[in-house]
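Inspection log for the structure reproduced underneath, given as structure tokens.
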Amino acid sequence: MFHFSNIVRTKGDPKIVEGGPSLKRPEDQLARALGWFSIGLGVVEFFAPRRVTETLGMEGHETLVRTFGVREILAGIMTLSVEKNAGLWARVGGDGLDAAALLSGLTADNPKKGNIALALLMVGGIAMLDYRAAQDTKPQRPPRDARRKLYPNRSGYPKGIESARTAAKQIAANATAGRT
Amino acid sequence: MKALVWHGKEDIRCDTVTDPEIQDPRDAIIKVTSCAICGSDLHLFHNYIPGMLPGDIMGHETMGEVVEVGSGVDRKLKKGDRVVVPFTIICGECDQCKRGNFSVCETTNRKRHLADKAFGHTTAGLFGYTHLTGGYPGGQAEYLRVPFADATHIKVPDGIPDEKLLFLSDIFPTGWQAAAQCDIEPTDTVAIWGCGPVGQMAIRSAILLGANQVIAIDCLPERLSMAEAGGATTINFENESVLERLEELTDGRGPEKCIDCVGMESHVMASLPDTLLDRAKQMVMVESDRPHVLREMIYVCRPGGIISVPGVYSGFSDMLPMGAFMNKGLQMRTGQTHVNRWTDDLLRRIEEGEIDPSFVITHTVPLSQGPEMYQVFRDKRDSCVKVVLKP
Numbered sequence: 001m002f003h004f005s006n007i008v009r010t011k012g013d014p015k016i017v018e019g020g021p022s023l024k025r026p027e028d029q030l031a032r033a034l035g036w037f038s039i040g041l042g043v044v045e046f047f048a049p050r051r052v053t054e055t056l057g058m059e060g061h062e063t064l065v066r067t068f069g070v071r072e073i074l075a076g077i078m079t080l081s082v083e084k085n086a087g088l089w090a091r092v093g094g095d096g097l098d099a100a101a102l103l104s105g106l107t108a109d110n111p112k113k114g115n116i117a118l119a120l121l122m123v124g125g126i127a128m129l130d131y132r133a134a135q136d137t138k139p140q141r142p143p144r145d146a147r148r149k150l151y152p153n154r155s156g157y158p159k160g161i162e163s164a165r166t167a168a169k170q171i172a173a174n175a176t177a178g179r180t
Numbered sequence: 181m182k183a184l185v186w187h188g189k190e191d192i193r194c195d196t197v198t199d200p201e202i203q204d205p206r207d208a209i210i211k212v213t214s215c216a217i218c219g220s221d222l223h224l225f226h227n228y229i230p231g232m233l234p235g236d237i238m239g240h241e242t243m244g245e246v247v248e249v250g251s252g253v254d255r256k257l258k259k260g261d262r263v264v265v266p267f268t269i270i271c272g273e274c275d276q277c278k279r280g281n282f283s284v285c286e287t288t289n290r291k292r293h294l295a296d297k298a299f300g301h302t303t304a305g306l307f308g309y310t311h312l313t314g315g316y317p318g319g320q321a322e323y324l325r326v327p328f329a330d331a332t333h334i335k336v337p338d339g340i341p342d343e344k345l346l347f348l349s350d351i352f353p354t355g356w357q358a359a360a361q362c363d364i365e366p367t368d369t370v371a372i373w374g375c376g377p378v379g380q381m382a383i384r385s386a387i388l389l390g391a392n393q394v395i396a397i398d399c400l401p402e403r404l405s406m407a408e409a410g411g412a413t414t415i416n417f418e419n420e421s422v423l424e425r426l427e428e429l430t431d432g433r434g435p436e437k438c439i440d441c442v443g444m445e446s447h448v449m450a451s452l453p454d455t456l457l458d459r460a461k462q463m464v465m466v467e468s469d470r471p472h473v474l475r476e477m478i479y480v481c482r483p484g485g486i487i488s489v490p491g492v493y494s495g496f497s498d499m500l501p502m503g504a505f506m507n508k509g510l511q512m513r514t515g516q517t518h519v520n521r522w523t524d525d526l527l528r529r530i531e532e533g534e535i536d537p538s539f540v541i542t543h544t545v546p547l548s549q550g551p552e553m554y555q556v557f558r559d560k561r562d563s564c565v566k567v568v569l570k571p
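First to last, the protein sequences are chains A and B.
Each residue of the first sequence is one higher than the one before, counting from 1 in my numbering.
Each residue of the second sequence is one higher than the one before, counting from 181 in my numbering.
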């Protein structure tokens, strides 16, 4: 089977013949996709806020959209990092802010309120994915109050710690005597 | 053969790969009998150290039996010899090797142009530890090619179990060097941050080198209990103030010697705002390391003291209190371990029963379970301190 990584192997080094199972679970892949989506959306919001506000009939809120863009980018980077769970929860919170901002624009005199309703639907769908991914990628570290095995008998000194201390003192005494 | 292969962040797989071959007359091939996951492998697992490529074989704590030697190995190694493989690849001939500075061997990094750019000058080649240090395939595998094998080996006798000898490859000499470079005096207090495998070895080394008092700092009860068993007074930084407790234990003078066995991924806690800031900066890639321990050591160390840093740092650390460091006249001693400088003495100590490094092993599993064990070790599940893999 062809493996891309074999192309960059130094000549003579072992090459992959058959890949083993990956540690990545479907929820990790979902988190990764959401991370990149977040960065993509953030870039659009940051660089083209007017396009966004015009589509939603919310002209005048460009600064808010740009701020949300920065938030999306940061949450995306966090989601792609080792701390993906924190990033996903940040995205869930961000989805709430997005929904609140959209609801504020859902007024009777807004000619684009249909677009806002569509956007709200999308935010709802993405929020469900964010929530699901955040639930599924919870860190598996044991809680602080979990019962742990203790190792009080693992000194590492087969002759006992006192013997180790005595030997060390003896060496120090000999060294001092040698200096004087 | 089977090998643990890096495929990206948090993605290590047990793949089938081609067997290694002799590429140079100074090579040897080792049939691996035991290997281990090192704390610094977790930095690669998290992709915090640049220079890994998908397809790289992990691992730099390895021992086994010589099954093939190149024509240039001379009579220093022969088929059937039992060897521990030091994680630093050394030529034994360059100026640095002759000075005993093996981890900065000038010959063995086959991608020295990368190291020259990143570090200013090249350092030694390392097994399974990024292309900055040569991109050599690592030893979490069934077989390992050892370059410069005539110099890069520690011959060990039969009759002593692998578990007692394996850590001569890295963590035991690393802990030992961390303590030895502190120039410990019989009146000294040595404070050690981090009670992982290297921290545990540093504790025992400081005791064996005659420290008056050893203080170990961590937050995990199982590691603190192991540290206490090794002769240390312990501080759980989640329950008590490290600064206050160190002052109390040293009559307000501060420890003369401080050892950082934590490195670039220090614990993040809401009560320590600098750790939160470091984490955020690391996440957005404006800082590569989280140097909370370095800051704390510089602040708390007794003036004129020594700071020893075996913990791995990869790039740039912000907000180090250089004013305190300079005005207190501290010295910092650090570096990858000059493994072969110490191993004759350490092997003798093992043979004489002065120390048995196998105390640190908490999990032994087949190589095929290695990928899962990276997660268990990282998450400190099942009170995991050290994982040994059996190919």
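Note that the Cβ used here is the ideal one computed from N, Cα and C, for glycine as well.
| query | result |
| --- | --- |
| Of the listed residues A:R51, A:L56, A:K159, nearest to A:L102 (C-alpha basis) | A:L56 |
| DSSP three-state assignment for B:I372, whether helix, strand or coil | strand |
| Beta carbon proximity, B:H472 to chain A, threshold 8 Å | no |
| B:K256 to B:V249 span [Cα, whole Å] | 10 Å |
| Minimum length 4: unbroken alpha helix (DSSP H) runs contained in the segment 39-115 of chain A | 49-56, 62-80, 84-104 |
| Supposed contact pair A:L88 and A:A134 - C-beta distance, whole angstroms, cut 8 Å | 4 Å |
| Integer-rounded CB distance, given that B:A450 should sit under 8 Å from B:L457 | With a Cβ gap of about 12 Å, B:L457 and B:A450 do not count as contacting. |
| Residues, ordered as in the chain, of the segment 38-65 of chain A that lie near chain C by beta-carbon distance below 8 Å | You won't find chain C in this structure, because its protein chains are A and B. |
| Span separating the alpha-carbon of B:T332 from that of A:R9 | 23 Å |
| Helix, strand or coil at B:K297 [DSSP, three-state] | helix |
| N-terminal and C-terminal residue of the alpha helix (DSSP H) that B:L222 is part of | 219-225 |
| Cβ shell of A:G69 (< 8 Å), same chain only, five flanking positions each side left out | L41, G42, V43, V44, E45, F46, F47, P49 |
| Rounded Cβ spacing between B:T242 and B:S349 (contact assumed at less than 8 Å) | 6 Å |
| Beta carbon of B:G319 nearer than 8 Å to that of B:H240 | yes |
| Residues that A:Y131 contacts on chain B, provided the C-beta gap is smaller than 8 Å | Within chain B, no residue comes near A:Y131; the closest Cβ sits about 21 Å away, beyond 8 Å. |
| Residue of B:E445, B:N507, B:M181, B:G533 minimising C-alpha distance to B:L474 | B:E445 |
| Where the beta strand (DSSP E) containing B:Y323 begins and where it ends | 323-326 |
| Environment of B:F225 [buried if 16+ CB atoms lie within 10 Å] | buried |
| Limits of the beta strand (DSSP E) - the one that B:Q555 falls within | Counting along the chain, B:Q555 falls outside any beta strand (DSSP E), though it belongs to the alpha helix (DSSP H) covering 550-559. |
| Any C-beta of chain B under 8 Å from that of A:Q140 | yes |
| In chain order, each beta strand (DSSP E) run of at least 3 residues that lies wholly inside the segment 226-256 of chain B | 242-249 |
| Distance between B:Q555 and B:V545 (C-alpha atoms, nearest Å) | 14 Å |
| Per-residue contacts from B:Q203 into chain A (C-beta, under 7 Å) | G12 |
| Neighbourhood of B:Y479 by C-beta distance below 8 Å, restricted to the same chain and skipping five residues each side | L423, P501, A504 |
| B:T413 in three-state terms, based on DSSP | strand |
| For B:G280 and B:A407, the rounded distance between their alpha carbons | 30 Å |
| Interface residues of the segment 262-276 of chain B facing chain A [CB-CB below 7 Å] | none |
| Cβ neighbour criterion (16 or more within 10 Å) applied to B:H472 | buried |
| Below-8 Å beta-carbon distance, B:H543 vs any chain A residue | no |
| Beta-carbon gap between B:N419 and B:L404 smaller than 8 Å | no |
| Unbroken alpha helix (DSSP H) run spanning B:A360, endpoints | 351-360 |
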